[in-house]
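These notes concern the structure reproduced below.
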Amino acid sequence: MTRKYFGTDGIRGRSNRFPITPDFALKVGMAAGLAFRRGDHRHRVVIGKDTRLSGYMIESALQAGFTSVGADVLLVGPMPTPAVAHITRSMRADLGVMISASHNPFDDNGIKLFAPDGYKLSDEVELEIERMLDSDLSPRLVESASIGRAKRIDDAQARYIEFAKRTVPRTLSLDGLRVVIDCANGAAYKVAPEALWELGAEVIRIGVEPNGMNINKDVGSTAPAALIAKVRETRADIGVALDGDADRVIIVDEKGQVVDGDQLMAVVASSWSEDGRLTAPGLVSTVMSNLGFERYLASIGLTLERTPVGDRYVVERMRAHGYNLGGEPSGHIVLSDYATTGDGLVAALQLLAVVQKVERPVSEICHRFEPLPQIMKNVRYKTGRPLDDDKVRAAISDATRRLGTEGRLVIRPSGTEPVIRVMAEGDDRDLVAHVVDDVVDVITKAAA
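So the sequence shown is residues 3 to 450, counted in our numbering.
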């Protein structure tokens with residue numbers, strides 16, 4: 003059954019337009035509160051948010067929904083998504099909620115739900131909540147004396163900072179490192195710089211002045227130009243850029259070069275392999291990870307398991323097959339020894355621990371492989387299923403044959419818009435470009 007409201011990362015849309023409206027958020031709170039009712043104890047829900055203006059509105063509506071079905075609400079304010087997942091587990095809450103649209107512009111927002119174990123919900127649970135969203139829940143409201151209470155957790159930021167610091171050796175000091183941290187004017191604007199400072203780094207902060215409307219605007223992991231300029235200006239040793247809810251990270255080395263998630267995973271995988279910390283002989287990433295990354299892993303005796311795009315699929319594969327490292331090229335890095343979802347700050351700290359251990363420049367540490375030429379183009383369509391066209395199938399088959407064993411072709415529909423994404427990579431850039439153009443041309447004609 004297709005999910006009606008939930009996408010690959012919760013419920014998301016334009017603020018004050020369905021489904022990101024106060025009345026719908028109220029009902030989400032009611033439905034999720036009922037779905038996670040377990041026994042007769044007093045249930046608790048942790049609610050965090052990023053810095054979007056609409057977060058106040060959605061927070062209040064969710065709070066009303068949860069309390070109306072008898073759940074107590076613990077408000078932690080602006081906090082990274084992984085922090086909300088961690089605090090949900092730490093406080094033995096029955097449910098966690100993050101109000102965020104991640105790296106999207108400020109006028110979008112979303113609702114992400116976490117189970118008591120800190121993991122995102124299964125498809126089955128999301129479908130159960132959707133069924134309730136389409137029903138009349140008023141008969142299930144609690145009696146007046148059983149309405150839930152709400153309170154703010156004042157030490158939530160300190161809790162997360164201590165958690166993040168504990169993911170690196172107690173003896174680790176970042177003394178002598180000049181670090182530029184870009185918090186995207188988002189959820190980590192307080193906790194990330196503070197954690198780095200407490201570990202001894204000289205911290206230079208950008209993207210730490212949220213006004214409700216500047217989240218991800220010309221800053222953060224999806225707009226690294228500001229970070230690159232600041233690293234060069236201040237002659238910093240490293241730049242760290244988070245996105246709006248701080249579940250992803252990219253790195254900028256001392257030369258101002260961007261380091262993506264593949265290179266970062268390569269560093270962590272190599273270090274953990276040497277230290278005997280990998281729980282399986284490899285890691286999990288998506289079909290979008292570069293073939294050069296896969297070859298590098300093979301050269302050090304590790305495998306790469308690929309999943310569809312989306313960190314939830316990465317986490318599912320990790321849990322099913324016992325991996326403790328996974329992620330995406332975009333910078334979602336999942337370190338399951340510590341976190342249940344991508345955590346940009348914790349991933350950055352793992353890299354900084356390696357930097358201090360080997361005492362080499364970040365540009366050397368983070369250049370583990372040469373990425374193969376990779377080209378991706380999008381084909382927009384209005385109706386129908388272009389990939390079912392016989393000519394499209396023939397073109398894909400021919401392109402795969404032409405790339406052979408030295409390349410890859412990935413064709414996938416977007417999960418959020420009517421777009422077909424065509425990606426190819428291989429050793430021969432000209433061949434890759436021709437393959438992509440040929441497939442795009444056939445899909446475009448089929449979609450016309």
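Built from N, CA and C at the ideal position, the CB exists for glycine as well. Everything numeric in this text was worked out from a predicted model, so none of it was measured.
Query	Result
Look at the alpha carbon of R172 and the alpha carbon of V221, and state the distance between them as a whole number of angstroms.	31 Å
Closest by CA to P226, which one among V210, L244, G214 and P212?	L244
Beta-carbon within less than 8 Å of L36's beta-carbon, same chain only, minus the 5 sequence neighbours each way: which residues are those?	V71, M134, L139 and R142
Give the DSSP bridge partners of L351, in chain order.	For L351, which the question treats as bridged, DSSP gives no partner whatsoever.
What does a CB cutoff of less than 8 Å around S272 pick up in its chain, not counting 5 residues either side in sequence?	I302 and R370
Is DSSP giving R237 helix, strand or coil here?	coil
What residue does the alpha helix (DSSP H) around R321 start on, and which one ends it?	D313 to H323
Evaluate contact between the segment 40-50 and the segment 82-90, counting only Cβ atoms and requiring at least three cross-stretch pairs below 8 Å.	yes
From P80 to G284, what distance separates their C-alpha atoms?	35 Å
Touch check for the segment 286-293 and the segment 224-241: three-plus C-beta pairs under 8 Å?	no
Would you say A397 touches the ligand ATP, meaning its beta carbon is less than 7 Å from a heavy atom?	Of ligands this structure carries none, so the ligand ATP is not represented either.
Which runs of the alpha helix (DSSP H) at least 4 residues long sit entirely within the segment 140-185? Give them in chain order.	158-167
Given a cut-off of 8 Å, decide if K167 and E200 are closer than it, judged by their beta-carbon atoms.	yes
What does DSSP give as the partner residues of K114 in its beta bridges?	M100
How many Å lie between A397 and K114 at the Cα?	39 Å
Secondary structure at L77, three-state DSSP: helix, strand or coil?	strand
Can you find at least 3 beta carbon pairs, one from the segment 408-424 and one from the segment 374-383, that sit closer than 8 Å?	yes
Leaving out the 5 sequence neighbours to the left and right, which residues in its chain are closer than 6 Å to A103 when beta-carbon positions are compared?	R14, D110, N111 and G112
Which residue spans inside the segment 368-393 form an unbroken beta strand (DSSP E) run of at least 3?	376-382
List the residues that DSSP assigns as beta-bridge partners of D255.	I240
What are the partner residues of M134, as DSSP defines its beta bridges?	Note: M134 sits in no beta bridge, so no partner.
Please list the terminal residues of the continuous beta strand (DSSP E) segment that includes S56.	Unbroken run through S56: none, as it is neither H nor E.
Name, in chain order, the residues that DSSP records as bridge partners for M267.	Answer is none; M267 lacks a bridge partner.
Indicate the three-state DSSP secondary structure (helix, strand or coil) for E211 in the structure shown.	coil
If contacts are defined as beta-carbon pairs under 8 Å, then R54 and G209 qualify, I think. What distance do you get, rounded to the angstrom?	Rounded, the Cβ-Cβ distance is 14 Å, inconsistent with contact.
Can you tell me the Cβ-Cβ gap for G223 and H105, rounded? I've got them flagged as a contact below 8 Å.	Strictly speaking, residue 223 in this sequence is Ser, with Gly absent from that position. Between H105 and S223 the Cβ distance is about 7 Å, and since that is below 8 Å, they are a contact.
Note down, in chain order, each residue of its chain lying with its Cβ closer than 6 Å to the Cβ of K393, except the 5 sequence neighbours on either side.	V444
Helix, strand or coil for L201? Go by DSSP, reduced to three states.	coil
When you compare each of A231, H43, E408 and D277 to E256 by their alpha carbons, which one comes out closest?	A231
Would you check if the segment 25-45 and the segment 117-131 touch, i.e. whether three or more CB-CB distances between them fall below 8 Å?	yes
Rank K29, G328 and Y298 by C-alpha distance to the C-alpha of E307 and give the top, closest one.	G328
For the alpha helix (DSSP H) containing P84, list its first residue and its last residue.	T83 to S92
Mapping DSSP to helix, strand and coil, what is K122?	strand
Under 6 Å Cβ to Cβ from M100, same chain only, skipping five residues before and after it: list those, please.	G50, T83, V86 and K114
Distance check for D11 and V441, CA to CA, integer angstroms please.	29 Å
Nearest CA to the CA of I183: which residue from L176, V357 and L198?	L198
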